[in-house]
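Below: the structure, in structure tokens.
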Amino acid sequence: MPSGWTIRRAGAHHVTALFHVRTQVRENAMSMEGLAATGVTPEAVSAMLAASPCAFVAE
């Protein structure tokens, strides 16, 4: 990893950005509606992040 990067746990305040990145990928693309149909919603992700360190962000 290039120097100057910081990796830390993602929190509820990152959920909007996580969904933005997830819905912008080209491979395995999914829309917000598609994610919601599988149970992946901002509320569900916020609950997962609160319960366990299961996602990280790099800045």
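Count the sequence shown with the numbering used here and you get residues 0 to 58, in order. Beta carbons: idealized from backbone N, C-alpha and C, even for Gly. Small disclaimer: the values here were computed from a predicted structure and weren't measured.
S2 and G10 have their C-alpha atoms roughly 23 Å apart. Judged by beta-carbon spacing, F55 lies beyond the 7 Å limit of R21, meaning their Cβ atoms are not closer than that value. Beyond the five residues adjoining it in sequence on each side, V44 comes within less than 6 Å, by CB distance, of V14 in the same chain, given in chain order. Here V56 carries a strand assignment [DSSP, helix/strand/coil].
Residue pairing by DSSP leaves R21 without any beta bridge partner.
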